Structures are given as structure tokens and as C-alpha cells.
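Asks: Input: one structure, supplied below.
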Amino acid sequence: MAESPITPRGKDFAAWYQDVVLQGDMAEPAEIVKGCMVIKANGYAVWELLQKELDTRFKELGHSNVYFPLLIPQSFLKKEAEHVEGFAPELAVVTIAGGKELEEPYVIRPTSETIIGHFFSKWIQSWRDLPILVNQWANVVRWELRTRMFLRTTEFLWQEGHTAHSNHDEALEEVLRILDVYADVAENVMAMPVIKGVKSRAEKFAGALRSYSIESMMQNGLALQAGTSHDLGQNFGRAFDVKFQNKEGQLDYVWQTSWGVSTRLIGGLIMSHSDDKGLVLPPRLAPVKAVIVPIYRKDEEKGPVLEAAHRIAKEVGAKVDLREGHSPGAKFFHWERRGVPVVLELGPRDIASGNIVLKRRDTGTKEVLAQTDLSARLAAVLDAMQGDLLASAKQRLKDNTVTAESIGEVEEILKNVTAEKGGGKFVMARVKDDPACDARLKEFKATVRNIPLVDEYDGGGKCIVTGEEVDRRVVIAKSY
RNA sequence: CGGGGCGUGGCUCAGCCUGGUAGAGCGCCUGGUUCGGGACCAGGAGGCCGGAGGUUCGAAUCCUCUCGCCCCGACCA
């Protein structure tokens, strides 16, 4: 047996991840463009499926898609004090265009709150213009120091929703509604369980009043922020003079929200389910759900096998691997690495018996069934796989979540955790929402991931850093 | 930007110390035999050794400069 091209998870989780991305034909480093990647057909197809799931939900909630410019006047970024401070280090700036130095440089958008604020101020005069609910599918650029494919690249794809409301309650409702959409897609489409919560003040989006996130746990126990939804308050309204006249005839600044998920989700998907044999995709996000590998020795076997393969493929919506010059074994490995949920083997023996062999990607189990039962059985298997992937991810999250009662205990649990070696945990401990406490955790490279919206633990008690009373435990972890 | 490493066929690398006709494995192409978990045989294509300068009769190899990439640290969806 040939050596696997994939580093086992236990040996080096980071190397394993790279191998799975590459071998699964999801993406490859751009090389010639620092920190960027090429998303390949198999990866982009997953993104398209995710886009469809999200887009449908956004539209059901009344949002419309729009598109704002990639280039943003540099001065815009500076209008919101916290925002510029947060993004300044990672901006790419265009200073020359058309062969001439620009009077005012453009930044390539790292996010679009500022330029959208500008247009909101033009569009909004009255409470009757509100709410505005828009979303854009776009690319953004953030000059990151350390990149990893899908998880953090210089350029990435995402959606950013932007809404404006006449009061804070309504804006906050929007923020939480979207957080629910994200959690729904993560759990029910991606089979990736998440914890909904509020970011600590130290970790919130630059310019937001509060940020909310969904956090998930990867197989190495590291946390991944899978989506964020921001309550921007009136900060951008003030910065961009987005005013409206309310029912009482008074001028007020709008209350805004913004929210996004990115191609990072694909990284999360990979690190949630894949194994040492390669990519594992939940059926709902698998571009190809089943592949038939035809098996034949002699020419007189080839005809009937291919004929049956095509007929069955049509019936159940599978793809037939017709490549010449590859043995069936090589084909099995090929599709396995690419995360196809089900591989169907069809050879002379099956033609004779009217059967077909079905192999499930996640469990590796094989079953022989009558061709006539395949359609129903395939649907059931895909359904079961979707459910089982979520169940096992939930179990892993549960198994690797612990409580701690002192800062020393937290440090002891997390100090030796790395992306390569793994061993990460979600440590539930009481920590006050104070940047000084976040700083204390940072001493051993851990962060407050979020403060869960739903307290599933034992309520309030004393902060392990300051000793002050807090009302619940927060999620502490090392993260991507 | 600090510390470490690396640039040689498409990929992974050997060769460099001790200068003398550019190599291996994988992949690719052709033909044949194979095919129920990574097939085999035969033939073949493919490289100004990252770039520039220098030393030398002669440089992948020695010297100087340069460019780029990867890893570790400080920032982050």
C-alpha cells in the first residue's frame, strides 16, 4: 500500500490541515501573491453551497443584496476613532493610479462600514426610510502577518450585512436574529456546533458598541470564531452624519448593525469533520454526493458495467468516474480525499446479482444492496451522515469543555496547547468583562472567546482575576 | 520588523563542504498487459540550478550583492 500523502492529525495538526486542503483540491497557496490563495473548483463549489444557504435566509428576513466599491477614500476610515485604530495596521493603500500619484489615497476595503455609512447618510432622511437592510457578497483585504488557507488569508471572500434602524431595540433584535441565522447554518448545514455569545469589550469589532459571535471548536480543541454580528450603536451614524427625522419631528442618528461570515467557514468545516484519510464533507455541503466507480476486467465486462453505471447515476444523481488508466483502488482514494460522502462500487459481480456496493465516507462502512433499493437507501445514508457528523462534533465539544475556578487552573489547562500539537479545551470560568482581565489571559495566549448568551453552567460568582462578582462563566480558549 | 530555514525538470528532493558533460523518486506522454482499496513492463518528453556581478581555463558548487518563499514571535474574520 502506498504511503498516505496526508500527515496524521496526531502527528501535526497544522500540517494535517494543509494536507487535507491540498489533497482535497480545495485551494492552494497563491505563492506569487503574499498571503493569498487560489480557491479551486472543489473548494469554491462548497462556498457556493454555503452562499446559497445564507443568501436564502437573509432574503427571507427582508435583506437585499447590493454592492459597494472596493476602494474607499482613506479619510473615511479615519472618521470613526476606534475603527481607524483597529484597522490601520492591516490596510493596503492605493497611492498611484493612472500613472499619477492620487491626491487622496484609497484603501482597499478591509470591511465596508465607512463607505456604507457615507451612502446611508445620503439615503436616509426620515424614519420612513428605515430600516435599511442590505447585504453584499464581496472580497476584502486585510494585511495579516500570519496566514493559513481559508482561516486567515490576506484577501478573503465574505458577506457583510449592513442595516440601519430608528432605535436601539430594533437594531439589537437584528443583531441577534442574524446570530441565530449563523448558528442555524453552522449547526444544520455545516454540522458544526457553535456557542452564541457576546465578545468581551477587549475583543469587540473596532467601532462597535458590542460584538456577538458564534464560536466553534476544532478537532485540536482550538476555538474558531465562525461568525460575528455587531451592534454598532450610533457610532457610525455620528461619524458619517447618518441622521433621520423621527415621528416626533426630531433629528436623531440611526442605529446600525453589521454582520459577516467568510470563507473561513470552510476552514472550520474542514477542521470539524475531516480525518486522516482526507476531507469529509457533510452531505448538505458536498458538491458531489455520490460517485460510482465502475469495475471491469475484460472488454466484454466494460459495456454492461458502464451501461448500468450511467443508468444508476441518472436515477440517483451520482457522478460516474470514467477515467481510463486508473485502477478502481486509485479512484476510491481519489474521491475519499475529496470528501465525497458516498462511493458506489459497481462491477461484474454486481451486474450479475443486481446489487451495488455503497461505502460511507465518515464511518468507512460498506454495504451491499439491491440496485432497486439504492435511491431510497442513499437518501437515508446521506441523512444519517449529516446527523452523525453533527452529533460527534457536539460530543467532542462537550468532552473538551471543562470548568476552572482559578486563573492558575486555566493557565495549567491551556499553557501547552498549540495548533500543531492540539490538546485545546474550552475552559468555562468566571472572568469580568474588563480589558485588564483579557490581558491577563493573553499572558499565556488564551482569550475570552465569548460570554455565552445562555448560561448552561452554575450562574454567577467571583471573577478569577479581580475577585469581583460576575453573573456567569465565559468561554476561554486558544484560538485561530 | 527580530530569530531560524530554503530557492536545482510539474512536485519532493540529492548533488555544493573538496569547481570538471545536471541527477533520483513521484507525476506527465506513447504502446501493451492490468483493473472488487494507491498496477506493471517498455519507450519518451521535460531544467540558462531564483536573479545580478565577481574569482577561475572552467561555477549549481567559491565570494559579494539582490529578490522571493517557508517556519517561529509581536497583529487579526
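Everything in the first sequence is counted per the working numbering, starting at 1 for the first residue and increasing by one. From the three backbone atoms N, C-alpha and C, an ideal C-beta is built for every residue, glycine too. Note that this is a predicted model, so its numbers are computed, not measured.
When you compare only the Cα positions, how much space is there between valine 189 and leucine 382?
Replies: Cα to Cα, valine 189 sits roughly 12 Å from leucine 382.
Asks: Compute the Euclidean distance between the alpha carbons of glycine 460 and asparagine 450, then round it to the nearest angstrom.
Replies: Going by the C-alpha atoms only, they are around 16 Å apart.
Asks: In the structure shown, what three-state DSSP assignment does arginine 360 receive?
Replies: The answer is strand: DSSP assigns arginine 360 an E or B state.
Asks: Ignoring anything shorter than 3 residues, give me the beta strand (DSSP E) runs that lie fully in the region 408-460, in order along the chain.
Replies: Fully enclosed beta strand (DSSP E) runs of 3 or longer: 426-429 and 447-452.
Asks: On the three-state DSSP scale, how would you describe tyrosine 17?
Replies: Helix.
Asks: Drop a sphere of 10 angstroms on the beta-carbon of proline 193, count the other beta-carbons inside from all chains shown, and report buried for 16 or more, exposed for fewer.
Replies: Its Cβ being crowded by 16 or more others within 10 Å, proline 193 is buried.
Asks: CB-CB under 7 Å to isoleucine 407, same chain, minus the five flanking residues each way: which ones, in chain order?
Replies: So the list reads Arg440, Ile464 and Val465, once near-sequence residues are dropped.
Asks: Pull up the distance between the alpha-carbon of methionine 1 and that of phenylalanine 333, whole angstroms please.
Replies: With a pLDDT of 46 at methionine 1, under the threshold of 50, the predicted position of this residue should be treated as unreliable, and no value is reported.
Asks: Taking the DSSP output, what are the residues bridged to glutamine 159?
Replies: Glutamine 159 pairs with Trp137 and Val261.
Asks: Taking the alpha-carbon of valine 198 as reference, which of Asp231, Val470 and Gln371 has the nearest alpha-carbon?
Replies: The candidate whose alpha carbon is nearest that of valine 198 is Asp231.
Asks: Is phenylalanine 68 helix, strand or coil by DSSP?
Replies: Three-state result, phenylalanine 68: coil.
Asks: Compute the distance between the beta-carbons of valine 33 and leucine 77, then report whether it is under 8 Å.
Replies: Contact flag unset, no.
Asks: Are isoleucine 214 and leucine 179 closer than 8 Å when you measure CB to CB?
Replies: Cβ distance < 8 Å, so isoleucine 214 and leucine 179 count as in contact.
Asks: Using C-beta distances below 6 Å, list every residue in its chain close to tryptophan 16, excluding the 5 sequence neighbours before and after it, in chain order.
Replies: The residues are Thr7 and Arg9.
Asks: Within the same chain, show all residues whose beta-carbon is closer than 6 Å to that of glycine 62, passing over the 5 residues directly before and after it, in chain order.
Replies: The answer, listed in chain order, is Leu133.
Asks: Which of the three DSSP states, helix, strand or coil, is assigned to serine 75?
Replies: In the structure shown, serine 75 sits in a helix (DSSP, three-state: H, G or I).
Asks: Do leucine 130 and valine 254 have their CB atoms nearer than 8 Å?
Replies: Yes, these two residues count as a Cβ contact at 8 Å.
Asks: Going by C-alpha to C-alpha distance, which of His273, Lys442 and Val305 sits closest to alanine 186?
Replies: The candidate whose alpha carbon is nearest that of alanine 186 is His273.
Asks: Tell me whether methionine 218 sits in a helix, a strand or coil according to DSSP, three-state version.
Replies: Correct three-state label for methionine 218: coil.
Asks: In chain order, what residues of the same chain have a beta carbon less than 7 Å from the beta carbon of lysine 445, not counting five sequence neighbours either side?
Replies: Only Lys478 meet the Cβ criterion.
Asks: Within the continuous beta strand (DSSP E) that includes serine 229, where are the two ends?
Replies: Here the beta strand (DSSP E) through serine 229 covers 223-233.
Asks: Please determine, among Ala92, Val84, Glu301 and Ala138, the residue with the shortest C-alpha to C-alpha distance to phenylalanine 68.
Replies: Checking every option, the nearest Cα to that of phenylalanine 68 belongs to Ala138.
Asks: Does the beta-carbon of valine 280 have 16 or more other beta-carbons within 10 angstroms, so that it is buried, or is it exposed?
Replies: Valine 280 comes out buried.
Asks: If you run the structure through DSSP and keep just helix, strand and coil, what is alanine 318?
Replies: Note: alanine 318 maps to coil in three-state DSSP.
Asks: Give me the Cα-Cα distance between leucine 222 and glycine 423, rounded to the nearest whole angstrom.
Replies: If I take the Cα positions, the gap works out to 8 Å.
Asks: Relative to the C-alpha of glutamate 412, which residue among Ala379, Asn355, Ile476 and Pro73 is closest?
Replies: Nearest option by C-alpha distance: Ile476.
Asks: Count the other CB atoms within 10 Å of the CB of asparagine 416; is the residue buried (16 or more) or exposed (fewer)?
Replies: Asparagine 416 comes out exposed.
Asks: Could you say which of Thr372, Pro282, Glu409 and Asp438 lies nearest to alanine 308 if we only look at CA atoms?
Replies: Considering only alpha carbons, the answer is Thr372.
Asks: Could you compute how far the alpha carbon of lysine 442 sits from the alpha carbon of glutamine 256?
Replies: Looking at the two C-alpha atoms, the distance is approximately 31 Å.
Asks: Are the region 201-210 and the region 74-94 touching, with three or more C-beta to C-beta distances below 8 Å?
Replies: Contact between the region 201-210 and the region 74-94 is present, because at least three Cβ pairs lie under 8 Å.
Asks: In angstroms, rounded to a whole number, what distance separates the CA positions of threonine 114 and glycine 233?
Replies: If I take the Cα positions, the gap works out to 14 Å.
Asks: Suppose the cutoff is 6 Å on Cβ atoms and the five residues either side in sequence are ignored; what does the same chain contact list for alanine 404 look like?
Replies: Val410, Val427 and Ala429.
Asks: Which residues share a DSSP beta bridge with proline 29?
Replies: Paired residues: Met37.
Asks: Once you ignore the five residues that flank glutamine 51 on each side, which residues in its own chain have a CB closer than 8 Å to its CB?
Replies: The answer, listed in chain order, is Trp137 and Gln159.
Asks: Considering only the alpha carbon of each residue, which of Thr263, Ile124, Val141 and Ala202 lies closest to tryptophan 47?
Replies: When each option's Cα is compared against that of tryptophan 47, the closest is Thr263.
Asks: Which parts of the region 74-121 are runs of the beta strand (DSSP E), unbroken and 3 residues or longer, counting only runs that do not cross its ends?
Replies: Counting whole runs of 3 or more residues, the region 74-121 contains the beta strand (DSSP E) stretches 93-97 and 100-108.
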